[in-house]
Every structure is written in structure tokens, then in C-alpha cells.
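*Asks:* In my numbering, the protein residues as written are 302 to 371.
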Amino acid sequence: MEPTMTNLTMSIPTALPGVWRERGGLDGLIRLDESPVTPGMVVVAKQDEPWQEKPELRWQVWPEGLEAVS
């Protein structure tokens with residue numbers, strides 16, 4: 302069966318505990334339970350954006366570039 306928009310199911314990642322910020326960059330980030338494309342990186346999103354519905358609002362960062370806020 303060919304994948305179509307009607308029979309294709311996408312897994313929505315869940316947010317991991319904590320709030321993060323990039324060193325010298327964005328704050329209010331959450332880490333997601335999603336496998337990154339590049340090994341060693343982590344997937345993040347802004348906590349106040351609709352990242353569940355829009356995968357383009359998720360991106361990868363190196364974990365060393367993140368600082369825990371809470």
C-alpha cells in the first residue's frame with residue numbers, strides 16, 4: 302500500500318522534563334523524545350509553540366550547547 306495522507310500515521314514526540322536554553326541563544330526550550338537525524342544531537346522545540354502539530358518547529362542541537370533553566 303502506498304503511503305498517503307489518509308493512511309500515514311506520524312508519531313508525535315513527548316516533551317522530556319525540564320526547560321532549557323541555548324548558550325548565547327534561545328530560551329524556553331524543551332527537549333523532545335525524538336531521535337535526531339545526526340547521532341549525538343538532541344531534538345528541541347520552543348515550549349510555547351505548536352511543535353506537536355508542526356514538525357518544522359523542531360530542530361536539532363548539540364546537548365553541550367544547552368543549559369538547564371529548571
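We put the CB at the ideal spot given by N, CA and C, even for glycine.
Within this structure, are the beta carbons of residue 335 and residue 359 separated by less than 8 Å?
*Replies:* Taking the first residue of the sequence shown as position 1, residue 335 is located at position 34. Taking the first residue of the sequence shown as position 1, residue 359 is located at position 58. The answer is yes: Cβ separation under 8 Å.
*Asks:* Kindly indicate which three-state DSSP category residue 330 falls into: helix, strand or coil?
*Replies:* The residue you call residue 330 lines up with position 29 of the sequence shown. Three-state DSSP puts residue 330 in a strand.
*Asks:* Using a Cβ-Cβ cut-off of 8 Å (strictly less than) and excluding sequence neighbours within five positions of residue 342, which residues of its own chain qualify?
*Replies:* Here residue 342 corresponds to residue number 41 of the sequence shown, with the count starting at 1. Taken in chain order, the residues that qualify are 361, 362, 363 and 364.
*Asks:* Quick check on residue 308: buried or exposed, where buried means 16 or more other Cβ atoms within 10 Å of its Cβ?
*Replies:* Your numbering for residue 308 matches position 7 in the sequence shown. Bear in mind that the predicted position of residue 308 carries a pLDDT of just 48, short of 50, making it too unreliable to give a figure here.
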